[in-house]
Amino acid sequence: MTSPKELKKHLRKEALGRRDALDPFWRVEAALEMAETARDSIAIEPGQIVSGFWPMRSEVDVRPLMFALREKGARLCLPAILDKTTIVFRELVRGAPMIDMGFGTVGPHEEAEVLDPQVMLVPLAAFDARGHRIGYGAGYYDRAI
Numbered sequence: 033m034t035s036p037k038e039l040k041k042h043l044r045k046e047a048l049g050r051r052d053a054l055d056p057f058w059r060v061e062a063a064l065e066m067a068e069t070a071r072d073s074i075a076i077e078p079g080q081i082v083s084g085f086w087p088m089r090s091e092v093d094v095r096p097l098m099f100a101l102r103e104k105g106a107r108l109c110l111p112a113i114l115d116k117t118t119i120v121f122r123e124l125v126r127g128a129p130m131i132d133m134g135f136g137t138v139g140p141h142e143e144a145e146v147l148d149p150q151v152m153l154v155p156l157a158a159f160d161a162r163g164h165r166i167g168y169g170a171g172y173y174d175r176a177i
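Residue 33 is where the sequence shown starts when you use my numbering, and the numbers rise one by one after that.
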């Protein structure tokens, strides 16, 4: 019998393989279309805090959506992994320096303000019909959410 952990690992591997196989130009078009569609669907109050992520590997690029939400008045933040169990969200300020966060991504400098996001755009490997996500397996977002 397969354990839930083994099943998630298998589903993650399959999903990431399918995502990696997508045409890179199609992914760019999908990111722009997502930003255009979601911008008007996500209700944002001025000053509301939205976390996103800097894409790595074949992840969808949520930056166009993040920047569209900033135009609606959102304050943006990005994740920073502090240790093996802790993730915080640092404010993303236009023109502020970005630093290497490891994992092939960048984020705001450690002096950036730590924020508590009210809306979270999260990376994932897969999701089901009920909206349950499978991430990359470390559980950072599961603990943060």
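All C-beta atoms, glycine included, are put in the ideal place defined by N, C-alpha and C.
Closest Cα partner of residue i within the set the options
i, options, result
"residue 149", "106, 99, 115 and 156", "106"
"residue 126", "103, 133 and 134", "103"
"residue 101", "91, 93, 82 and 88", "82"
"residue 62", "77, 74, 172 and 91", "91"
"residue 134", "50, 89, 159 and 34", "89"
"residue 93", "41, 56 and 76", "56"
"residue 79", "108, 49 and 96", "108"
Unbroken beta strand (DSSP E) run spanning residue i, endpoints
i, result
"residue 118", "Segment: none, residue 118 is in no beta strand (DSSP E) and carries neither H nor E."
"residue 134", "130 to 134"
"residue 137", "137 to 140"
"residue 82", "81 to 83"
Neighbour-count burial assignment, residue i, 16 or more Cβ in a 10 Å radius
i, result
"residue 53", "exposed"
"residue 60", "exposed"
"residue 147", "buried"
"residue 170", "exposed"
"residue 39", "exposed"
"residue 144", "buried"
"residue 76", "buried"
Nearest-angstrom Cβ-Cβ length linking residue i and residue j, presumed shorter than 8 Å
i, j, result
"residue 121", "residue 111", "6 Å"
"residue 84", "residue 156", "So it is not a contact: roughly 13 Å between Cβ atoms."
Nonlocal neighbours in the same chain, by C-beta distance under 7 Å from residue i, ignoring five residues either side
i, result
"residue 86", "110, 137, 138 and 139"
"residue 124", "108, 109, 110 and 140"
Element boundaries [alpha helix (DSSP H), containing residue i]
i, result
"residue 73", "56 to 73"
"residue 105", "Careful: residue 105 lies outside any alpha helix (DSSP H) and carries neither H nor E."
"residue 172", "172 to 176"
"residue 39", "36 to 52"
Cβ-based neighbour list, residue i, same chain, cut-off 6 Å, excluding 5 preceding and 5 following
i, result
"residue 70", "97"
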